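First residue of the sequence shown? That's 52 in the numbering used here, and the numbers climb one at a time after it.
All residues carry an ideal CB built from backbone N, CA and C; glycine is no exception.
Being a predicted model, the structure only gives us computed values, none of them experimental.
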Amino acid sequence: MTLPLISTALLLAACGGGDPASVQPQPQPAPVRTPTLYQGVWGWAVANTSGTVIAKGVLILSEQVTQSGRTVAVGAYTNDSQTQTGVTLLGPISATGTLETGFTYDLSTTDSRIYLLARDDDGKFENYQGSATFYGKGEVFDRATQQPSQAITVALVQGSTEVPTSQSAKVQAQSAARNLAADAVKRQFASNRATTPNLAPASQSFSPLKSAALNLLNNR
């Protein structure tokens with residue numbers, strides 16, 4: 052039995068035969084990104100005990116890790132001069148119900164050391180000019196000894212809840228977040244004289260979390 056010409060063509064196409072040039076590739080939908088904890092662009096700023104801002108920059112939270120049943124947001128920060136980049140963690144680092152942040156000095160997977168740790172004063176985000184904001188007291192850690200060396204106040208302000216996919220969107224979100232954080236930490240210092248918390252539990256819990264975070268970020 053001779054198949055009609057059109058049926059033969061359809062059969063060949065269905066079986067992968069025929070002229071490959073005539074088969075048009077179908078556009079694939081863009082992958083949908085699964086939202087992660089506290090994702091987005093944040094500004095960060097650190098003030099000393101005199102209320103002077105001594106460091107600031109931006110960070111992007113784009114991943115999360117779970118340790119001992121606690122899920123913590125993961126990302127990378129950079130300072131304003133772009134001379135320092137490391138891991139940022141945000142969430143219940145030391146215990147369920149706490150809200151803490153920790154930065155490393157760099158992105159090394161072999162010897163990345165704690166740069167700073169801080170705990171939010173009331174364990175929850177504040178609202179600063181419409182943005183989720185972390186306010187907390189903490190310490191800068193000496194890079195060599197890894198002992199607390201300077202009491203600080205830390206502010207993290209969320210400038211965007213989206214992880215930017217274009218450079219222009221990234222720059223715009225970073226600029227807004229950076230300015231908000233610097234203003235927020237100065238205002239918080241003026242209105243809150245809370246003492247520096249005991250960060251020993253957070254420093255002990257930080258190591259396994261930062262290791263998981265570094266592996267995650269370096270294997271993306």
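Counting the other CB atoms within 10 Å of its CB gives residue 152 a total of 16 or more, which places it among the buried residues. Across the structure, residue 125 and residue 167 are spaced so that their CA atoms are roughly 15 angstroms apart.
Annotation for residue 111: 92, 126, 127 and 214 place their beta carbon closer than 7 angstroms to its own, counting only its chain and skipping 5 residues before and after.
Across the set 260, 88, 137 and 181, the C-alpha of 137 shows the shortest separation from the C-alpha of residue 109. Residue 259 carries a helical assignment under DSSP once its states are collapsed to helix, strand and coil. Collapsing the DSSP output to three states places residue 254 in a helix.
Assigned with DSSP and collapsed to three states, residue 194 falls in coil, not helix or strand.
Cβ-Cβ distances below 7 angstroms link residue 113 to 87, 90, 126 and 214 in the same chain, with the five nearest sequence neighbours on each side left out; the list follows chain order.
As a beta-bridge residue in DSSP terms, residue 203 pairs with 189. Look at the beta carbons and you see the stretch 187-194 touching the stretch 164-179: at least three pairs across the two are nearer than 8 angstroms.
For residue 171, the enclosing beta strand (DSSP E) begins and ends at 165-171. The shortest CA-to-CA distance from residue 198 to any of 164, 181 and 133 is the one to 164.
Closest option to residue 119, judged by alpha-carbon separation, among 104, 234, 100 and 259: 259. Per DSSP, residue 114 is one residue of the beta strand (DSSP E) stretching across 104-118. Taking C-alpha positions only, residue 255 is separated from residue 101 by approximately 28 angstroms. Linking residue 150 to residue 186 through their CA atoms gives a straight-line distance of about 10 angstroms.
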